[in-house]
Amino acid sequence: MPDAAHLDALDRRLIVATQAGLPRVSRPYDAIGAELGIPGGEVIARLQRMLDTGVIRRIGAVPNHYAIGYTANGMSVWDVADECIDELGARVGVLDFVTHCYRRPRRPPDWPYNLFAMVHSGSRDEVANRVAEIAALLGDACRRHDILYSTAILKKTGLRIAG
Amino acid sequence: MPEARASAAPDDIDRRIINALQGDFPLVDEPYRAVAGSLGLDEAELLRRIDAMLERRVLTRFGPMFQIERAGGAFVLAAMKVPEHEFEGVAAKVNAFPEVAHNYRRDHSLNMWFVLATATPQGITEAVTAIESATGLAVLPFPKEREYFVEMKLHA
Numbered sequence: 002m003p004d005a006a007h008l009d010a011l012d013r014r015l016i017v018a019t020q021a022g023l024p025r026v027s028r029p030y031d032a033i034g035a036e037l038g039i040p041g042g043e044v045i046a047r048l049q050r051m052l053d054t055g056v057i058r059r060i061g062a063v064p065n066h067y068a069i070g071y072t073a074n075g076m077s078v079w080d081v082a083d084e085c086i087d088e089l090g091a092r093v094g095v096l097d098f099v100t101h102c103y104r105r106p107r108r109p110p111d112w113p114y115n116l117f118a119m120v121h122s123g124s125r126d127e128v129a130n131r132v133a134e135i136a137a138l139l140g141d142a143c144r145r146h147d148i149l150y151s152t153a154i155l156k157k158t159g160l161r162i163a164g
Numbered sequence: 002m003p004e005a006r007a008s009a010a011p012d013d014i015d016r017r018i019i020n021a022l023q024g025d026f027p028l029v030d031e032p033y034r035a036v037a038g039s040l041g042l043d044e045a046e047l048l049r050r051i052d053a054m055l056e057r058r059v060l061t062r063f064g065p066m067f068q069i070e071r072a073g074g075a076f077v078l079a080a081m082k083v084p085e086h087e088f089e090g091v092a093a094k095v096n097a098f099p100e101v102a103h104n105y106r107r108d109h110s111l112n113m114w115f116v117l118a119t120a121t122p123q124g125i126t127e128a129v130t131a132i133e134s135a136t137g138l139a140v141l142p143f144p145k146e147r148e149y150f151v152e153m154k155l156h157a
């Protein structure tokens, strides 16, 4: 496990320089390198190493779900028996309509749920159908569930670390 | 669909670009040229369209997605139960914290769900305390204990 990614000061400056996005110019890595005082090839090598160690999950575009037609976004939450949550969570996580799937702590008495699976779709009816598929997969191991629909994006900036 | 909406919506070429850019953006000297070539576009057209989609917020960002925990940082989902009549004011206070990366309103008694991103794990505790004192409301953190699968799988 790459527990410690061993980032040096230059890696951290590279994170700060790219966390808001890549420059939209023909040679973006040269442009970042010019800002940091290193060659573009060094930028490429360091980004590749961060991809290899998991510091970077991927390099690409993040679409606004609403703008591409996924107007309904339901956070489905499940109270799953502890002894089978890991096996079942893995099966829920690979469903193609589930974009994020995590085990999280319960917060009794307000919050009995320990499995979170985000479902994106074109309508609430479709989300509900997909949630029913998850319910069928979980079967008796799930005691109860709920769907929390998002009704507004209040903020979305991605991560920002201080330079 | 109203015309103003239609003109802001991604067209077929935009959708192909979005799908192509969800995978791994090439780490080569001229990556846009490489992607443009695979889509049968020229580089200038691809750059113009990415800029336009960022401008119209069809894309919320374009670049590396950092997994902050691997860089020593922390990323935690948290929720609050906000009284309806205070909702707007509380949202403004919460959003003013730079540690708040996303914030969504959801229809549940826990009606505000946000993600805290900080450079260190202690930063999460500090941000929770600071948000509680700024709003006078309790913040419930939901740290992830296990990640089953996370990947961008949406198709435009």
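These protein sequences, in sequence, are chains A and B.
Position 55 (the first sequence) corresponds to 56 in this note's numbering; numbering is contiguous.
Position 75 (the second sequence) corresponds to 76 in this note's numbering; numbering is contiguous.
Built from N, CA and C at the ideal position, the CB exists for glycine as well.
Looking only at C-alpha atoms, which of B/Ala92, B/Ser134, B/Ser110 and B/Leu111 sits nearest to B/His103? Nearest option by C-alpha distance: B/Ala92.
Using C-beta distances below 6 Å, list every residue in its chain close to A/Leu143, excluding the 5 sequence neighbours before and after it, in chain order. This sequence places Cys at residue 143 of chain A; Leu is not what is there. Closer than 6 Å at Cβ, skipping near neighbours: Trp79 and Val81.
| request: Would you mind sorting B/His86 into buried or exposed? The rule is 16 or more other CB atoms within 10 Å of its CB. | output: exposed
Got a sec: is the Cβ-Cβ distance from A/Ile135 to anything in chain B below 8 Å?
no
| said: To the nearest angstrom, how far is the alpha carbon of A/Pro113 from that of A/Arg145? | reply: 9 Å
Query raised in the report: Taking Cβ positions, are A/Asp87 and B/Arg147 nearer each other than 8 Å?
Result: yes
For A/Leu149, I'd like the list of residues in its chain whose CB is within less than 6 Å of its CB, leaving aside the five on either flank, ordered along the chain. Met76
Based on the DSSP output, what are the partners of A/Asn74 in its beta bridges? A/His121
If B/Val36 sits next to B/Leu47, beta carbons under 8 Å apart, how far is it from one beta carbon to the other, in whole angstroms?
6 Å
Check your understanding: With A/Val93 and B/Tyr149 assumed to form a contact (beta carbons below 8 Å), what rounded beta-carbon distance in angstroms separates them?
Key -> 7 Å
TODO: Provide the residue span of the beta strand (DSSP E) that contains A/Gly147, from first to last.
DONE: The question names Gly, but residue 147 of chain A is Asp in the sequence shown. Unbroken beta strand (DSSP E) run through A/Asp147: Cys143 to Lys157.
Q.
Give me the chain A residues within the contact set of B/Thr126, using Cβ-Cβ distance strictly less than 7 Å, ordered along the chain.
A. The contacting residues do not exist; B/Thr126 stays about 15 Å from chain A at best.
### Query
Hey, quick one: how far does the beta strand (DSSP E) through A/Thr100 stretch, first residue to last?
Val99 to Arg104
TODO: Could you work out which residues of chain B lie near A/Ile33, taking near to mean beta carbons separated by less than 8 Å?
DONE: In chain order: nothing, as chain B lies at least about 10 Å away.
Exercise. State buried or exposed for B/Asp15, treating a residue as buried only when at least 16 other CB atoms are found within 10 Å of its CB.
Key: buried
What is the DSSP secondary structure of A/Val128, reduced to helix, strand or coil?
helix
(message) DSSP three-state label for A/Tyr30, please.
(response) helix
Can you list, in chain order, the residues of its chain with a C-beta nearer than 7 Å to that of B/Ile132? Leave out the 5 residues immediately preceding and following it.
Val95, Phe98 and Val140
| Is A/Asp9 helix, strand or coil when you go by DSSP? | coil
Between A/Arg41 and B/Ile125, what straight-line distance do the alpha-carbon atoms span, to the nearest angstrom?
Sequence check: residue 41 of chain A is Gly here, not Arg. Distance between the alpha carbons of A/Gly41 and B/Ile125 is about 34 Å.
ask   = Can you list, in chain order, the residues of the segment 47–66 of chain B whose Cβ is nearer than 7 Å to any Cβ on chain A?
value = Cβ contacts with chain A come from Leu48, Ile51, Asp52, Arg58, Val59, Leu60, Thr61, Arg62, Phe63, Gly64, Pro65 and Met66.
**Prompt:** Grouping DSSP H, G and I as helix and E and B as strand, with all else coil, what is A/Tyr67?
**Reply:** coil
Inset, instruction - Can you check DSSP and say which residues form a bridge with A/Asp80? - result: A/Arg145
- Determine, using beta carbons only, whether A/Leu155 comes closer than 8 Å to chain B. It does; some Cβ of chain B falls within 8 Å.
Determine, using beta carbons only, whether B/Leu22 comes closer than 8 Å to chain A. yes
### Partner residues on chain B for A/Pro110, Cβ-Cβ distance less than 8 Å
Those do not exist, as A/Pro110 stays about 12 Å from chain B at its closest Cβ, beyond 8 Å.
Spell out a yes or no on whether the segment 8–23 of chain A and the segment 52–66 of chain B are touching, meaning 3 or more CB-CB pairs, one atom from each, closer than 8 Å.
Per the Cβ contact rule, the segment 8–23 of chain A is in contact with the segment 52–66 of chain B (3 or more Cβ pairs under 8 Å).
**Prompt:** Just the Cα atoms here: how many angstroms apart are A/Ser151 and B/Met81?
**Reply:** 14 Å
* Could you have a look at B/Gly24 and say whether DSSP puts it in helix, strand or coil? => coil
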